[in-house]
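Notes follow once the structure below has been shown.
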C-alpha cells in the first residue's frame, strides 16, 4: 500500500509540473507572437502630395495666390502654364482654365475613367471632363465662409461650423449645384457653395470657389482643410474622430466631433511598410475617460473591404464597421481610459481591380 501511495504522489507531481510547462509555453508563444505582430506596426509615412497648379497664362494672379496658400499648407505646389502642361500625374489643380485643348481633354477623360482625381479653383473649364461638368455664374463673396457640420474627408479634424473670415465683395464664381455634389463650405450669408467634392466610383473631384488672396489673414483652419482635401484627393487615408454616446459617436454628429477635440481624443491612421495594412491609433490625452471613441476612415480608392489583423490583444473590445458604398469604415472602442494608447491593425481584404488600361500604363 505504501508503494502505491508513493507512485500516486509522484504521478500527481508530474501532472502539475507538466501543466506548468504548458502554461509557460503558451504564455511565451503569445508573447513572441505579440512581439512579432508589433514589429509589423512600423508605419511608412506618406508625404503630403505634390501639386501641379495649371493656369491659362503664366501671369495668373489667382494661380499665384493658390501657389502661396498651398505652400503655406506645406503641399509643394508647382505653377505650370496650360501650354506646357503635358503629363497627368500626382494631383492637378486647374486654376481659372476656361478651355481645355481637345488632346488634353481626351487624356483627362481617360485619366478620370481610370479613377484619377482632379481639382478646380475658380471658374472650371467649359468643356466636360469625362461625364462630369461644373457650371458657375459670376457672384460676390460674403464676409466669411462657414464650414459644414456634416462629416467629410475635406473637413476631417476641423471643428464643425467654424467660420473663415474673407474680404467681402470679392468677385467669385457661384457654383450651380447638383444632387451628387457634397458641399463642404458655404458662403455665410448667401449659403452658396464655396468648397465642394464629388466621388464617383474611384474618381474624385474637388472645387474651390474662393480666392486665397481675399482672406483677411492666414487661417490655420483653411490650411488644415487644404491638407486633408489634397490627401483625400491623392488617395491617402483620411480620418476623423468622435466620442460620446454610442449612437452619436458612430454617426459622427457635430457635437460628438466637437467633444473629441475638446476632451483630448487624439487619433491617426497610417499605412505600414506592407501596403495592404494600416495602423489605427487612439490616444486619450484628456483628463477623463472617453466613452465610445470612434475613428471614421476614408480609405484609398478601390478599397471595398478591410478587416482587423494582428493579435487579440490589439483588437480586444474593438469593433469594425464597413461602409463600402462610400469607401469608409468605423473603428470603435467602448472606452479609452486616461493616458491610454491603443494601436490596432487593419488589412485590406477586397478591392476593385485596376483597369487594364491603367495596368498597361503602369508597366
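Residue numbers (my numbering): 1324 to 1686.
A virtual CB, placed ideally from N, CA and C, is assigned to each residue, including glycine.
**Item:** Expected contact under 8 Å - CB spacing of residue 1643 and residue 1631 to nearest Å
**Value:** Taking the first residue of the chain shown as 1, we reach residue 1643 at position 320. Taking the first residue of the chain shown as 1, we reach residue 1631 at position 308. The Cβ separation is near 6 Å, so the contact holds.
**Message:** For the pair the segment 1429 to 1446 and the segment 1529 to 1538, tell me if three or more CB-CB distances fall below 8 Å.
**Reply:** yes
**Asked** So, is residue 1477 buried or exposed, given that buried needs 16 or more other C-beta atoms within 10 angstroms?
**Response** Looking up residue 1477 in the chain shown gives position 154. Result: buried.
**Request:** Would you list the residues sitting across from residue 1495 in a DSSP beta bridge?
**Result:** Within the chain shown, the letter at position 172 stands for residue 1495. Answer is 1462.
**Message:** What does the alpha-carbon distance come out to for the pair residue 1650 and residue 1522?
**Reply:** Here residue 1650 refers to the residue found at position 327 of the chain shown. Here residue 1522 refers to the residue found at position 199 of the chain shown. Each residue's alpha carbon lies about 10 Å from the other.
**Prompt:** Going by the beta-carbon positions, is the gap between residue 1395 and residue 1541 smaller than 9 Å?
**Reply:** By one-based count along the chain shown, residue 1395 stands at place 72. By one-based count along the chain shown, residue 1541 stands at place 218. Contact: yes.
**Request:** Starting from residue 1689, follow its DSSP beta bridges and name the residues at the other end.
**Result:** The question about residue 1689 has no answer, for the chain in this structure spans 1324 to 1686.
**Prompt:** If you run the structure through DSSP and keep just helix, strand and coil, what is residue 1637?
**Reply:** Along the chain shown, one-based indexing puts residue 1637 at 314. Looking at residue 1637 - three-state DSSP - the assignment turns out to be helix.
**Message:** Between residue 1525 and residue 1625, how many whole angstroms is the CB-CB distance? I'm expecting something under 8 Å.
**Reply:** Within the chain shown, the letter at position 202 stands for residue 1525. Within the chain shown, the letter at position 302 stands for residue 1625. Going by Cβ atoms, the distance from residue 1525 to residue 1625 rounds to 5 Å, so yes, they are a contact pair.
**Request:** Give the range of the beta strand (DSSP E) segment to which residue 1674 is assigned.
**Result:** Residue 1674 sits at position 351 when you count from the first residue of the chain shown. Segment 1664 to 1674, the beta strand (DSSP E) holding residue 1674.
**Asked** Name the DSSP beta bridge partners of residue 1404, please?
**Response** Within the chain shown, the letter at position 81 stands for residue 1404. 1378.
**Message:** Between the segment 1366 to 1384 and the segment 1589 to 1602, can you find at least three pairs of beta-carbon atoms closer than 8 Å?
**Reply:** yes
**Request:** With DSSP as the reference, label residue 1419 as helix, strand or coil.
**Result:** For the purposes of this step, residue 1419 is taken as residue 96 along the chain shown, with counting starting at 1. Note: residue 1419 maps to coil in three-state DSSP.
**Message:** Between the alpha carbons of residue 1498 and residue 1514, how many angstroms are there, rounded?
**Reply:** The count along the chain shown starts at 1 and reaches residue 1498 at position 175. The count along the chain shown starts at 1 and reaches residue 1514 at position 191. Using only the alpha carbons, I get a separation of about 11 Å.
**Prompt:** According to DSSP, is residue 1700 helix, strand or coil?
**Reply:** The first residue shown for the chain is 1324 and the last is 1686, placing residue 1700 beyond what the model contains.
**Message:** Once DSSP output is grouped into helix, strand and coil, what is the label at residue 1436?
**Reply:** Translated into positions along the chain shown, residue 1436 becomes position 113. Three-state DSSP puts residue 1436 in a helix.
**Request:** Kindly indicate which residue of 1397, 1405, 1398, 1608 has the alpha-carbon position closest to the one of residue 1382.
**Result:** Within the chain shown, numbered from 1, the residue matching residue 1382 stands at position 59. For residue 1382, the nearest C-alpha among the options comes from 1405.
**Asked** How many angstroms separate the CA atom of residue 1569 from the CA atom of residue 1655?
**Response** Taking the first residue of the chain shown as 1, we reach residue 1569 at position 246. Taking the first residue of the chain shown as 1, we reach residue 1655 at position 332. Residue 1569 and residue 1655: Cα-Cα distance of roughly 9 Å.
**Message:** I'd like the list of long-range same chain contacts for residue 1672, defined as Cβ closer than 7 Å, with 5 residues on each side in sequence excluded.
**Reply:** Taking the first residue of the chain shown as 1, we reach residue 1672 at position 349. Cβ neighbours of residue 1672 beyond the five flanking positions: 1628, 1629, 1630.
**Asked** For residue 1486, which residues does DSSP report across the bridge?
**Response** Along the chain shown, read from residue 1 onward, the residue named residue 1486 stands at position 163. Note: residue 1486 sits in a beta bridge opposite 1469.
**Request:** Along the alpha helix (DSSP H) that carries residue 1394, what are the first and last residues, could you check?
**Result:** Position 71 of the chain shown, counted from the first residue, corresponds to residue 1394. Here the alpha helix (DSSP H) through residue 1394 covers 1384 to 1395.
**Request:** Answer yes or no: do residue 1579 and residue 1617 have a C-beta to C-beta separation smaller than 9 Å?
**Result:** Locating residue 1579 in the chain shown gives position 256, where the first residue counts as 1. Locating residue 1617 in the chain shown gives position 294, where the first residue counts as 1. Going by C-beta atoms, residue 1579 is nearer than 9 Å to residue 1617.
**Request:** Within the same chain, show all residues whose beta-carbon is closer than 6 Å to that of residue 1440, passing over the 5 residues directly before and after it, in chain order.
**Result:** As a first step, residue 1440 must be located in the chain shown, where it is residue number 117. Contacts found: 1527, 1556.
**Message:** For residue 1552, report the span of its alpha helix (DSSP H) as first-last.
**Reply:** Looking up residue 1552 in the chain shown gives position 229. Start and end: 1543 to 1556.
**Message:** Distance check for residue 1623 and residue 1561, CA to CA, integer angstroms please.
**Reply:** For the purposes of this step, residue 1561 is taken as the residue at position 238 of the chain shown. For the purposes of this step, residue 1623 is taken as the residue at position 300 of the chain shown. Whole-angstrom Cα-Cα distance: 9 Å.
**Message:** If distances are taken between C-alpha atoms only, which option among 1398, 1419, 1392 comes closest to residue 1377?
**Reply:** For the purposes of this step, residue 1377 is identified with residue 54 of the chain shown, where counting begins at 1. For residue 1377, the nearest C-alpha among the options comes from 1419.
**Item:** Exposure of residue 1582, with buried meaning 16 or more beta-carbon neighbours within 10 Å
**Value:** Along the chain shown, one-based indexing puts residue 1582 at 259. Label assigned to residue 1582: buried.
**Message:** If we require 3 or more residues per run, which beta strand (DSSP E) segments fall completely within the segment 1601 to 1665?
**Reply:** 1617 to 1621, 1626 to 1632, 1642 to 1646, 1651 to 1655
**Request:** Assuming residue 1547 and residue 1470 form a contact by the criterion Cβ under 8 Å, report the distance between their Cβ atoms to the nearest whole angstrom.
**Result:** Translated into positions along the chain shown, residue 1547 becomes position 224. Translated into positions along the chain shown, residue 1470 becomes position 147. Rounded, the Cβ-Cβ distance is 11 Å, inconsistent with contact.
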